[in-house]
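*Asks:* Have a look at this one.
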Amino acid sequence: MSAARIHLMALFALLLADDLPAQGEYPYGVQKTSSNLMLPMRDGVRLATDIYRPTRIGAPIDDPLPILLQRTPYDKTGARLVESAEFFAQNGYVVVVQDHRGRYSSEGEFTKYIGEGQDGFDAIELLAALPYGNGDVGMWGTSYAAHVQANAAKLRPPALKTMVINMGGMSNGWDHKVRNHGAFEIQQLTWAFRQLAAETDDPVIRKMLDIDSINHWLTAMPIRKGLNPLSVSPNFEDYILEMMTHADYDDYWKHLDVNWVEYYDQTADIPMLLISGWYDSYAGGTVQNYNELSRRLDADVRLIMGPWTHSGNTRSYAGDVEFGPDAAIDDFHNDFHLRWFDRYLKGSTVDPTAAVLVFVMGTGDGHKDGAGRLFHGGYWRESDTWPLADTEFLRYYLHADGSLQTESPSERSASSTYTFDPEEPVQTIGGSFSSTSPVFEPGAYDQRESDAVFGATLPFLPLKSRDDVLVFQTLPLESDVTVIGPVTVKLHVSSTATDTDFTAKLVDVYPPSADFPTGFEMNITDGIIRTRYREQPDRQNLMTPGEIYEIDVTPFPTANVFKKGHRIRIDISSSNFPRFDVNPNTGEPLGLNRRSISADNTVHHDAVNSSYILLPVVPTP
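Quick note on numbering: the working numbering labels position 311 of the sequence shown as 1181, and the sequence is numbered without any gaps.
So this is what it looks like as structure tokens:
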């Protein structure tokens, strides 16, 4: 058993030792005392609410107890949510689950993200007055149910005392989750397709929204009002079109319900546990939220980052890569949360986690496991800060010969040019996104086409073989290089177009082995920028063709050991589809273009116009 595994098991054993009952034994029974209780919001709309209470001898106890609340758009009677509600009630909490406005049994009209802060505030304050509650409310939930917690906290409801925000709580919808530095994240569109398909009984609409139809519509973007499957639900169609066409960072993106950056200073000063995964769509935002809130708030704000895809806390793999049993938190949905709530709502003396706990990927031997996945391995590392205190930021420069070196280039003139054709975009193979299955999948994958890759065609070549992908890599490493922290790619670029995209992907290149004869090129993190937003997010500035500009591409943060014998690689291109929409290169208003043109895009890498990736390197244990 690895030292990391032993350490983690010991930590969890300690946490479980704080007067928790043995498995299968609980202090209380549980009874669902209210079903579809209609709680009135300030505008009169009523939200369907279920309440679970602890019982003794079959009767709900009247002792005032802390309250746990989850608000969800995914049906409050879902099996996992009910299981957790019953578990927390059996451990001495009044548990409340509520359907969002316009969802399932609640009244009103649903508009994604909007209004959740206000409804959350109202629900918290109403619940705090329950005669069998003690007035203290905690919240928990994943994804959308995490996002709405943050929105409520920005309004400072007095009764809200703590939150566990798992893979949600976007810092800024303009630069991740909805748009990404100008590019539109197609996960918003696939989410809308999937929700409508799941909620309709109409076979015609179901057929319109099946996977084949979705695949078709993704290749026919941008969608137009009344001329797409979402038109059967006008509110869904309206908010998607608004997201796709509202490009500048203005009051729309600064709204409380899609932004935390603008509201950090007014956020409730309460203990928060922020959790995400390196392959989650909220990875960048979660780290940003931690950095800002831990600095501004007096209460405990803590961070956990695992090697997970969205909602994958209990899995030890992401995509086609296995990280080992240490990577999974098996009791995440129940006991893990209970330890946090017992600490901050019941006064437990057990400290549930370090200030910063991150999973460092990459200590495995690269064999193929029984499920056919590459064993990449890794370990948990604790810290008091993010980035880690012993971080050194090193520049790895792009060179004309395709190398990636710590030495800067000496050439007076050097560049690499490729043609970006919007009709033939580079395929998405893994990454940090959500709500896209089964169209395309998040996680870590060998960067080679296959029949599982959206848009791939025979003979299924590696992405590095494409003419529109620039590849820069180190020599095989002479020793391990441990990278933990934020990643920045600084490029000097020019184009024949007035607007285009540049993408950057960090890759861990395995050498050939018996299990993987052609090696394994594992995506670590990636980013994109739409060049019209290279200077500032609130105003577009088209390029002058041929002029050289300095731009920053900011992939999500990561933690990975590039082992001895591996190569560190960066791939530069101009598309990553269908993770992001494809830039038509025309400079037309975003989401409204009707044509596209090819662009010759150039990355400069000489002594004057150098380009490099800035990596946060820490000493390897």
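Using N, Cα and C, we set each Cβ at its ideal position, and we do this for glycine too.
(1) With 16 other CB atoms within 10 Å as the buried threshold, where does Thr-1219 fall?
(2) When DSSP labels each residue in this structure, what does Tyr-1247 get in the three-state scheme?
(3) For Lys-1433 versus Glu-1348, is the C-beta spacing smaller than 8 angstroms?
(4) CB Asp-1371 to CB Ile-1398, shorter than 8 angstroms?
(5) Please confirm whether Gly-1038 and Thr-1012 have their CB atoms less than 8 angstroms apart.
(6) Return the residue from the list Met-911, Asn-1455, Asp-1045, Glu-1293 that minimises the CA-CA distance to Thr-1424.
(7) Using a Cβ distance threshold of 8 angstroms, determine whether the segment 1001 to 1015 contacts the segment 931 to 946, with at least three qualifying pairs required.
(8) Using a threshold of 8 angstroms, state whether the C-beta atoms of Thr-1261 and Pro-1486 are closer than that.
(9) Among Phe-1063, Asp-1369, Arg-1172, which one has its Cα closest to the Cα of Asp-1082?
(10) Using beta-carbon positions only, say whether Leu-1144 and Tyr-1119 come within less than 8 angstroms of one another.
(11) Quick check on DSSP: helix, strand or coil for Tyr-1482?
(12) For the candidate residues Phe-1290, Glu-1281, Gly-928, whose alpha-carbon lies nearest to that of Thr-814?
(13) Report yes if the C-beta distance between Thr-1287 and Thr-1156 is below 8 angstroms; otherwise report no.
(14) Counting C-beta neighbours from all protein chains within 10 Å, is the total for Pro-1489 16 or more, i.e. buried, or is it exposed?
(15) Mind listing, in chain order, the continuous beta strand (DSSP E) runs of no fewer than 3 residues lying wholly within the segment 1453 to 1477?
(16) Would you call Met-911 buried or exposed, if buried means 16 or more other Cβ atoms sit within 10 Å of its Cβ?
(17) Per the contact definition of three or more C-beta pairs closer than 8 angstroms, is the segment 954 to 968 in contact with the segment 917 to 928?
(18) With a threshold of 16 other CB atoms inside 10 Å of the CB of Val-973, please say whether the residue is buried or exposed.
(19) From this set, Pro-1292, Glu-1293, Phe-1202, which residue's C-alpha is nearest Leu-951's C-alpha?
(20) Quick check on the DSSP output: what are the complete beta strand (DSSP E) runs of length 3 or more inside the segment 1028 to 1106, in order along the chain?
(21) To the nearest angstrom, report how far apart Glu-1417 and Thr-1368 are at their CA atoms.
(22) So Pro-1495 and Tyr-1002 are in contact, right, with Cβ under 8 angstroms, and what is the actual spacing, rounded?
(23) What's the gap between the Cα of Asp-932 and the Cα of Asp-1006?
(24) For the alpha helix (DSSP H) that Ile-994 lies in, which residues bound it at each end?
(25) Would you mind reading off the limits of the alpha helix (DSSP H) that contains Ala-1153?
(26) So the candidates are Arg-1251, Glu-1132, Glu-1281, Leu-1244; which of them puts its Cα closest to the Cα of Asp-1271?
(27) Taking all protein chains shown into account, decide if Met-1175 is buried (16 or more other Cβ within 10 angstroms of its Cβ) or exposed.
(28) By the 10 Å Cβ neighbour count, where 16 or more other Cβ atoms means buried, how is Pro-1387 classified, buried or exposed?
(29) Along the alpha helix (DSSP H) that carries Leu-1208, what are the first and last residues, could you check?
(30) Return the residue from the list Tyr-1214, Gly-1240, Ser-1253, Ser-1151 that minimises the CA-CA distance to Leu-1227.
(31) Per the DSSP calculation, Pro-1354 is bridged to which residue(s)?
(32) Let's see if you can read the secondary structure: which residues bound the beta strand (DSSP E) around Ala-1022?
(33) Beta carbon of Ala-1016, beta carbon of Ile-1035: below 8 angstroms?
(34) Please give the ranges of any beta strand (DSSP E) in the segment 1388 to 1445, keeping only runs that are unbroken, at least 3 residues long and fully inside the region.
*Replies:* Result, derived from the coordinates:
(1) As a position in the sequence shown, residue 1219 is number 349, starting the count at 1. Taking all protein chains in view, the Cβ of Thr-1219 is surrounded by fewer than 16 other Cβ atoms within 10 Å, so the residue is classified as exposed.
(2) Residue numbering aside, residue 1247 sits at position 377 when the sequence shown is read from its first letter. It should be pointed out that residue 1247 corresponds to Gly in this sequence rather than to Tyr. Residue state, collapsed to three classes: coil.
(3) Position 563 of the sequence shown, counting from 1, holds the residue named residue 1433. Position 478 of the sequence shown, counting from 1, holds the residue named residue 1348. No, the pair does not count as a contact, with Cβ atoms beyond the cut-off.
(4) In the sequence shown, counting from the first residue as 1, residue 1371 sits at position 501. In the sequence shown, counting from the first residue as 1, residue 1398 sits at position 528. Remark: C-beta atoms of Asp-1371 and Ile-1398 approach each other more closely than 8 angstroms.
(5) Within the sequence shown, numbered from 1, the residue matching residue 1038 stands at position 168. Within the sequence shown, numbered from 1, the residue matching residue 1012 stands at position 142. It is a contact, given that the beta carbons lie within the stated cut-off.
(6) Counting from 1 along the sequence shown, the entry for residue 1424 is found at position 554. Answer by Cα proximity: Asp-1045.
(7) The count of Cβ pairs closer than 8 angstroms, one atom from the segment 1001 to 1015 and one from the segment 931 to 946, reaches three, so the stretches are in contact.
(8) Residue numbering aside, residue 1261 sits at position 391 when the sequence shown is read from its first letter. Residue numbering aside, residue 1486 sits at position 616 when the sequence shown is read from its first letter. Contact flag set, yes.
(9) Numbered from 1 along the sequence shown, position 212 holds the residue referred to as residue 1082. For Asp-1082, the closest C-alpha among the options Phe-1063, Asp-1369, Arg-1172 is that of Phe-1063.
(10) If you number the sequence shown from 1, residue 1144 lands on position 274. If you number the sequence shown from 1, residue 1119 lands on position 249. Contact flag unset, no.
(11) As a working mapping, residue 1482 is identified with position 612 in the sequence shown. Strand.
(12) This structure gives no information on residue 814, because the portion of the chain shown stretches from 871 to 1491.
(13) Mapped onto the sequence shown, residue 1287 falls at position 417. Mapped onto the sequence shown, residue 1156 falls at position 286. For the 8 angstroms CB-CB criterion, Thr-1287 and Thr-1156 do not form a contact.
(14) Within the sequence shown, numbered from 1, the residue matching residue 1489 stands at position 619. Flag for Pro-1489 reads exposed.
(15) Entirely contained in the segment 1453 to 1477, the beta strand (DSSP E) runs reaching 3 residues are, in chain order, 1469 to 1474.
(16) Taking the sequence shown and counting its residues from 1, one reaches residue 911 at position 41. Residue burial annotation: Met-911 is buried, with at least 16 other C-beta atoms found within 10 angstroms of its C-beta.
(17) The segment 917 to 928 vs the segment 954 to 968: in contact.
(18) As a first step, residue 973 is located in the sequence shown; it is residue number 103 there, counting from the start. In the sequence on display, residue 973 carries Arg and not Val. Arg-973 sits buried, since 16 or more C-beta atoms from the chains shown fall within 10 Å of its C-beta.
(19) By 1-based counting over the sequence shown, the position of residue 951 is 81. Just measuring C-alpha positions, the residue of Pro-1292, Glu-1293, Phe-1202 sitting nearest Leu-951 is Phe-1202.
(20) Within the segment 1028 to 1106, the complete beta strand (DSSP E) segments of 3 residues or longer fall at 1030 to 1036, listed in chain order.
(21) Along the sequence shown, one-based indexing puts residue 1417 at 547. Along the sequence shown, one-based indexing puts residue 1368 at 498. Roughly 10 angstroms separates the two Cα atoms.
(22) Summary: the structure shown does not reach residue 1495, with the chain confined to residues 871 through 1491, and so no result is reported for it.
(23) Counting from 1 along the sequence shown, the entry for residue 932 is found at position 62. Counting from 1 along the sequence shown, the entry for residue 1006 is found at position 136. Between Asp-932 and Asp-1006, the C-alpha separation is close to 15 angstroms.
(24) Sequence index remark: in the sequence shown, residue 994 carries index 124 (1-based). Taken as a continuous stretch (DSSP letters only), the alpha helix (DSSP H) holding Ile-994 covers 986 to 998.
(25) Indexing the sequence shown from 1 puts residue 1153 at position 283. That run of the alpha helix (DSSP H) goes 1153 to 1166.
(26) Here residue 1271 refers to the residue found at position 401 when the sequence shown is read from its first residue. The shortest C-alpha to C-alpha distance from Asp-1271 to any of Arg-1251, Glu-1132, Glu-1281, Leu-1244 is the one to Glu-1281.
(27) In the sequence shown, the residue the question calls residue 1175 occupies position 305. Classification for Met-1175: buried.
(28) Locating residue 1387 in the sequence shown gives position 517, counting from the first residue. Exposed.
(29) Numbered from 1 along the sequence shown, position 338 holds the residue referred to as residue 1208. In the DSSP assignment, Leu-1208 falls within the alpha helix (DSSP H) that extends over 1207 to 1215.
(30) What you label residue 1227 is simply residue 357 of the sequence shown in a count that begins at 1. In terms of CA proximity to Leu-1227, Ser-1253 leads the group Tyr-1214, Gly-1240, Ser-1253, Ser-1151.
(31) For the purposes of this step, residue 1354 is identified with residue 484 of the sequence shown, where counting begins at 1. The residue asked about is misnamed: residue 1354 is Ile in this sequence, not Pro. DSSP lists Ala-1429 as partners of Ile-1354.
(32) Residue numbering aside, residue 1022 sits at position 152 when the sequence shown is read from its first letter. Membership of Ala-1022 in any beta strand (DSSP E) is not indicated; the residue belongs instead to the alpha helix (DSSP H) covering 1014 to 1023.
(33) The count along the sequence shown starts at 1 and reaches residue 1016 at position 146. The count along the sequence shown starts at 1 and reaches residue 1035 at position 165. Ile-1035 sits close to Ala-1016, with the two beta carbons spaced by under 8 angstroms.
(34) Counting only runs of 3 or more, we get 1390 to 1400, 1419 to 1423, 1428 to 1432, 1437 to 1443.
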